[in-house]
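Residue numbers (our numbering): 8 to 130.
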């Protein structure tokens, strides 16, 4: 996530206009992470093509917009797991996952343990 912090700190890897588009796309992801999104939604919000969106994310962060979205959703889920007693299903829904089983698979892939294991470890 250091790359994300760098993206907002003013350090620029891409030329100014592209960096602005990247920051705009990143802000859109942060504001809409809990909604069902696809790459077209993100690209349309910024006014660029889907392939250009992918290009600027790969240049800036080394990952796809989709991976960035999932990482952000998982970070939000970790906060909810640590600080609330809400169900896994509820947390999945709040972080943009329509299917709690899929949320658990994505969480395990990114964190190395299930949401339930993470919550127990944080207690």
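Note that the Cβ used here is the ideal one computed from N, Cα and C, for glycine as well.
- Determine the contact status of residue 36 and residue 50, defining contact as a CB-CB distance below 8 Å. no
Decide if residue 65 is buried, meaning its Cβ has at least 16 other Cβ atoms within 10 Å, or exposed. exposed
Just to confirm the assignment: which complete alpha helix (DSSP H) runs, minimum length 4, are found wholly within the segment 88 to 114? 95 to 101
(Q) Considering only the alpha carbon of each residue, which of 52, 119, 129 and 57 lies closest to residue 5? (A) Since the first residue shown for the chain is 8 and the last is 130, residue 5 is missing from the structure and cannot be characterised.
Problem set entry | Contained alpha helix (DSSP H) runs [length at least 4] in the segment 53 to 80, N- to C-terminal order | 57 to 68
Counting C-beta neighbours from all protein chains within 10 Å, is the total for residue 110 16 or more, i.e. buried, or is it exposed? buried
When the Cα of residue 38 is compared with those of 68, 101 and 108, which residue comes out closest?
101
Next on the checklist: Here's a check: name, in chain order, each residue in its chain whose Cβ is nearer than 8 Å to the Cβ of residue 44, leaving out the five neighbours to either side.
Outcome noted: 36, 76 and 103
query: Skipping 5 residues on each side, what residues in its chain have a beta carbon closer than 6 Å to that of residue 25?
result: 63
**Request:** Compare the C-alpha of residue 27 against each of 46, 86, 67 and 116 and name the closest.
**Result:** 67
Looking only at its own chain, which residues have a Cβ that is under 6 Å from the Cβ of residue 74, when we skip the five neighbours before and after it?
-> none
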